[in-house]
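Asker:
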Amino acid sequence: MGEAYLFEAVGITKQFPGTKALDNVKLQVKKGEVHALCGENGAGKSTLMNIIGGLFPPTAGKLFFEGAEISPKNPRESQHIGIGFVHQELSLCPHLTAAENIYIGRLPHKGDRIDFKKLWEDADEVLSKFGANFSSRTQVADLTVSEQQLVEIAKSVSLNCKLLILDEPTSSLTDKETKKLFEVVKNLKKEGISILFISHRMPEIFAICDKVTVFKDGNYVCTMDTKDIVSDDIIRAMVGRELGNLYPPKSSKIEEDKEILRVENLSGNRFQNITFSLKKGEILGFAGLVGAGRSEIMRALCGIDPKTSGRVWLNGEEQRFKNYRDAVNKGICYLTEDRKTQGLFLEMSIKSNMTSANLKAVSKGIWLQEKLEKQLADTYVEQLAIKIAGIEYPISSLSGGNQQKCLLGKWLSIHPRLIIMDEPTRGIDVGAKSEIHNLLRKLAEEGVGVIIVSSELPEVMGVSDRILVIHEGKLAGEVGKEEVATEENIMRLASGESK
Amino acid sequence: MKKDNLIKRFFAQREANVLIITILAILVVQLIQPKFLNYNNIKSIMISVSTDGLMAIGLCVALILGGIELSVGGVAAMSCVISGYLCLQGWNIWAACGAAILAGIFVGLFNGLMISKVGLPPFIVTLGMQQLSRGVAYILTEGSPLSLSGYLPDEFRFMATGTVAGIPMLFLIFVVVAIIAHILLKHSNVCRSIFYVGSNEGAAKLSAINVDKVKISVYVTIALLSTVAGILSLGRFNVATPELSVGAETTAISAAVIGGTSFTGGVGSIFGTFLGIVLLKVVNSAMVMLNISVYWQDFVQGAILVLAVTMDYLANKKAGQPSMLQRLFGKKN
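For the record, the sequence lines run as chains U and Z. Going by the numbering used here, the first residue of the first sequence is number 1, and it counts up by one from there. Going by the numbering used here, the first residue of the second sequence is number 1, and it counts up by one from there.
1) Who are threonine 13 (chain U)'s beta bridge partners in DSSP?
2) Compare the Cα-Cα distances from glutamate 255 (chain U) to each of U:Asn315, U:Asn265, U:Phe345 and report the closest residue.
3) Output the boundary residues of the alpha helix (DSSP H) element that contains alanine 287 (chain U).
4) Quick check on the burial criterion: 16 or more other C-beta atoms within 10 angstroms. Buried or exposed for glutamine 149 (chain U)?
5) For a cutoff of 9 Å on Cβ pairs, would you count lysine 205 (chain Z) as touching chain U?
6) Using beta carbons (cut-off 9 Å, strictly below), is lysine 499 (chain U) in contact with chain Z?
7) Which value, in whole angstroms, describes the spacing of the CA atoms of glycine 266 (chain Z) and asparagine 189 (chain Z)?
8) What first and last residue would you give for the alpha helix (DSSP H) that runs through serine 267 (chain U)?
9) Closest by CA to valine 157 (chain U), which one among U:Thr341, U:His80, U:Gly400, U:Asn219?
10) Kindly say whether aspartate 124 (chain U), judged by its beta-carbon, lies nearer than 9 Å to any beta-carbon of chain Z.
11) Between which residues of its own chain and glycine 74 (chain Z) is the CB-CB distance below 6 Å, once the five residues before and five after are set aside?
12) Can you list, in chain order, the residues of its chain with a C-beta nearer than 6 Å to that of glycine 2 (chain U)? Leave out the 5 residues immediately preceding and following it.
13) If distances are taken between C-alpha atoms only, which option among U:Ser455, U:Val460, U:Glu423 comes closest to isoleucine 283 (chain U)?
14) Which partner residues of tryptophan 296 (chain Z) appear in the DSSP bridge assignment?
15) At a CB-CB cut-off below 7 Å, which residues of chain U make contact with valine 196 (chain Z)?
16) Helix, strand or coil for glycine 202 (chain Z)? Go by DSSP, reduced to three states.
17) Mapping the DSSP letters down to three states, classify tyrosine 138 (chain Z) as helix, strand or coil.
18) Helix, strand or coil: how does DSSP classify lysine 322 (chain U) here?
19) Would you mind sorting glutamine 321 (chain Z) into buried or exposed? The rule is 16 or more other CB atoms within 10 Å of its CB.
20) At the 9 Å Cβ level, is arginine 14 (chain Z) part of the contact set with chain U, yes or no?
21) Can you pull the DSSP bridge partners for alanine 36 (chain U)?
22) For chain U, is any of its Cβ atoms less than 9 Å away from the one on asparagine 333 (chain Z)?
23) By the three-class DSSP mapping on this structure, what secondary structure does serine 323 (chain Z) have?
24) Any beta carbon from chain U within less than 9 Å of alanine 208 (chain Z)'s own beta carbon?
25) Applying the 10 Å Cβ sphere with the 16-neighbour rule, what's the burial state of aspartate 52 (chain Z)?
26) Between alanine 60 (chain U) and lysine 216 (chain U), is the Cβ-Cβ spacing less than 9 Å?
27) Which term fits lysine 442 (chain U), buried or exposed, when burial requires 16 or more other beta carbons within 10 angstroms of its beta carbon?
28) List, in chain order, every chain U residue whose beta-carbon is nearer than 9 Å to that of glycine 276 (chain Z).
29) Considering only residues of the segment 186 to 248 of chain Z, which uninterrupted alpha helix (DSSP H) runs meet the minimum length of 4 residues and lie entirely inside it, listed in chain order?
30) Please name the residue, chosen from U:Phe271, U:Lys31, U:Ile350, that lies closest to glycine 506 (chain U) on a Cα-to-Cα basis.
31) What does DSSP give as the partner residue(s) for cysteine 333 (chain U) in the beta ladder?
32) Can you grab the Cα-Cα spacing for the pair arginine 257 (chain Z) / isoleucine 68 (chain Z), in whole Å?
33) Using a Cβ-Cβ cutoff of 7 Å, what residues of the segment 161 to 190 of chain Z are near chain U? List them in chain order.
34) Going along chain Z, which residues have a C-beta under 7 Å from arginine 325 (chain U)?
35) At 7 Å on the CB atoms, spell out the chain Z contacts of valine 328 (chain U), in chain order.
36) Would you decide whether phenylalanine 158 (chain Z) is buried or exposed? Buried here means 16 or more other CB atoms lie within 10 Å of its CB.
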């Protein structure tokens, strides 16, 4: 069966202890096709990819490749069959050169010596196919994320892969790098290589994919031709309901005369002379390219990193934070963009995660009170409608959206006067995204100051009342008030083009 | 129903496994060698558990913090020698102990500052301090043990060699310290921070936890525990020797790991560590009672460590929960 398809998965079921991650799903990819796989977090995309990649076998179901049944037992076997896998978290050896990474395990050699000349020539040739402008002798650690990705892709292609799996390849790329990646994908397609593209981002799916398959809760929903549909069709299939307006309404009652936060001439490592203010009732957005210094501004503002100069007022009172604890005690909190490595205590319980910023509130003297800890966690689990099996479970068992809500609950417990959220919905599915956006709007209406930093233009435009654009550590301009917020306006400022 | 749950929960814990294995080991040895469970032997096990146990508590906390502390044995030797040396120089023994404690605090502070403020890896810093502090002991003694016969007052020696109701003082001190440490670690908010830092230092920093302060306090506390162990050893042996507690750090690490403390930080308990050190010492004593050459001790200790970790791995793998090894080498989601 399935002669027409390069790759086919039929009736795949995967049972994990306690959960059914996949239930009788299918996936069909033609030769030279760019095929998107969509679904909320926990829909089973990664599970299927791991089965195809040979990380673990399915409980039931069959895989076909070029018409023949396959059952890869490990990543090496699937590589051998012709399946390349570029993981979201890249897996290169950082201290080796790009060339050595591409030909790892099969370095060309003369006798028992590595033939470096041939190695570098071959590697340069492969890399140049993808328009790489770095030498294959560069150490991987010195490459940017997008360049490292190229190395991974080059590695798979040089192994003669016929199906290349890209797992959320754009999640840490800038817009420019993303465009470059798309060129690479198009070239691969021309060579007849099929691409399986896993992504949350609608514009990308429509930019390069021919077909899209949607999973929901471990079930197959549908496969559609991208040329016949619009993004709402995909979203509807992913969440199983109409979403209505994606973003909450803008603020109706900004109190111009009430400043929650005022920052003057704030300078620090990688940014200079930042001046702005936040009014009561509004959500202030910070846009800019990755690395423009937005997170650094926020961290210095909170006293996490030192500032070199500048003054900060909170509710009209000048503040001098010696460290982050001072800022937290005054009601300022910062939610990191890097949830997994900077935000969560992964193996610790949901409860312990939620009380981590506010141990005093759940203690009497130096003694923790379990009752108070439970109370605090339960309060915010209920208030934020966090879906959990119990507050004693490790937080790693939750989906990205629920993890983010736990972190939000953790900080709401200090009764903040200003919440700064860096990439508030990175790696979070559509449903949870709008819940978090609505929540931020509600907080702003209750008089809490809200600042968001986001690299997703639709998000920063959809959620904020006013947007400040940062370019190379400097305030490049403001949109949303006098100037209308459009993607073009923001990008012009963010890329440093003068008006 | 609720009681049922409690029993279930107890057996699901790592401590229960170690406890069961320890009891089984005792029973088996007792069957082969009926003289095993007599008062003198139990007493000698209690004594041998105590000083290594104090250092094992320290290692347990260091591992929970996500660090390691290799200087415990060196610090014990240093404080033993400093207090003994000063006593021989005519100091009052308590003043001499005070000086040893100050030296211990200094090592702890140095470790803590280098690890937190300078940012050096704990392995390197404490490895250096292990040799440095033992070096102090060698310099003061010029290599040969100093005998303190007749110099140490009775009340000092009582701390290390006396018994209360038949239980050695040394063991009582250890148990009291262990209980306090256990309760603090489980139920106090200051010690909870140690788990946060060990679990994810970056996240701890962004939770407004003073990471540097936590680290410094932990390393000072560990050095203090080792100092106490050294001073008690002086009282116990009546000799100030630079060769005291050689290799104590490996025993202490084994005890902590057998008791379920994770090498990647954020997980561990003093009770488990207590059981770990008891198990190791029971096995050592059993080998003596069974007339097995002492040269087998290291071999068996290593085997127990590997066995404990493997059992934990297999048991947790079956249950579908992350085991210690998975925590050690990163999770696969």
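All residues carry an ideal CB built from backbone N, CA and C; glycine is no exception.
Answerer: By the coordinates alone:
1) BP columns for threonine 13 (chain U) point to U:Ala60.
2) That would be U:Asn315, whose Cα lies nearest to the Cα of glutamate 255 (chain U).
3) Where alanine 287 (chain U) is concerned, there is no enclosing alpha helix (DSSP H), although the beta strand (DSSP E) it sits in stretches over 283 to 288.
4) A buried status is given to glutamine 149 (chain U), since no fewer than 16 other beta-carbon atoms sit within 10 Å of its beta-carbon.
5) Answer yes: the Cβ-Cβ gap between lysine 205 (chain Z) and chain U drops below 9 Å somewhere.
6) Residue confidence is low: lysine 499 (chain U) scores 48 on pLDDT, short of 50, so the model does not pin down where it sits. Its coordinate-derived value is still stated next. Chain Z contact via Cβ: absent.
7) In a straight line, the C-alpha of glycine 266 (chain Z) is about 15 Å away from that of asparagine 189 (chain Z).
8) Looking at the DSSP string, serine 267 (chain U) is not in any alpha helix (DSSP H); the run it does join, the beta strand (DSSP E), is 255 to 268.
9) Nearest C-alpha to valine 157 (chain U): U:His80.
10) Not a single CB atom of chain Z sits nearer than 9 Å to the CB of aspartate 124 (chain U).
11) Cβ contact annotation for glycine 74 (chain Z) (same chain, cutoff 6 Å, sequence separation greater than five): Gln130, Ser133, Arg134, in chain order.
12) Any answer about glycine 2 (chain U) is weak, because its pLDDT of 42 lies below 50 and its placement is not dependable; what the coordinates show is given next. Excluding positions up to five away in sequence, the list reads Glu8, Phe64.
13) Selected option, being the one with the closest Cα: U:Val460.
14) BP columns for tryptophan 296 (chain Z) are empty, so no partner.
15) The displayed chain sequence assigns tyrosine, not valine, to residue 196 (chain Z). Below the 7 Å Cβ cutoff, chain U contributes Phe345, Ser356 as neighbours of tyrosine 196 (chain Z), in chain order.
16) Three-state result, glycine 202 (chain Z): helix.
17) Three-state DSSP puts tyrosine 138 (chain Z) in a helix.
18) It is coil, neither helix nor strand.
19) Any reading at glutamine 321 (chain Z) must be qualified, since the residue scores a pLDDT of 47, below 50, and its modelled position is unreliable; the value itself is stated next. So glutamine 321 (chain Z) ends up on the exposed side.
20) No, arginine 14 (chain Z) lies away from the interface with chain U (no Cβ there is under 9 Å from its Cβ).
21) Answer by DSSP bridge pairing, in chain order: U:Phe197, U:Val212.
22) Low per-residue confidence applies at asparagine 333 (chain Z): pLDDT is 28, beneath 50, and the placement is therefore not dependable, though the value from the model is reported in the following sentence. Cβ-Cβ to chain U under 9 Å: yes for asparagine 333 (chain Z).
23) Residue placement at serine 323 (chain Z) cannot be trusted, given a pLDDT of 47 that sits under 50; the coordinates are not used to answer.
24) With 9 Å as the cut-off, alanine 208 (chain Z) counts as an interface residue toward chain U.
25) Buried is the call here.
26) No, they are not a contact pair.
27) For lysine 442 (chain U), the number of other beta carbons within 10 angstroms of its own is below 16, and it is reported as exposed.
28) Under the 9 Å cutoff, chain U gives no residues; its nearest Cβ is about 20 Å from glycine 276 (chain Z).
29) As far as the segment 186 to 248 of chain Z is concerned, its whole alpha helix (DSSP H) runs of at least 4 residues are 189 to 199, 201 to 205, 211 to 237.
30) Shown here, chain U extends from 1 to 499; a query on residue 506 (chain U) therefore has no answer.
31) Looking at the DSSP assignment, cysteine 333 (chain U) forms a beta bridge with U:Ile419.
32) With the sequence shown as reference, residue 257 (chain Z) is identified as valine, and arginine is not the correct amino acid for it. Distance between the alpha carbons of valine 257 (chain Z) and isoleucine 68 (chain Z) is about 12 Å.
33) Per Cβ criterion, the list reads His187, Ser188, Asn189, Val190.
34) Those within 7 Å of arginine 325 (chain U) in chain Z are Ala208, Asn210.
35) Those are Ala208, listed as they occur along chain Z.
36) With fewer than 16 other Cβ atoms within 10 Å, it is exposed.
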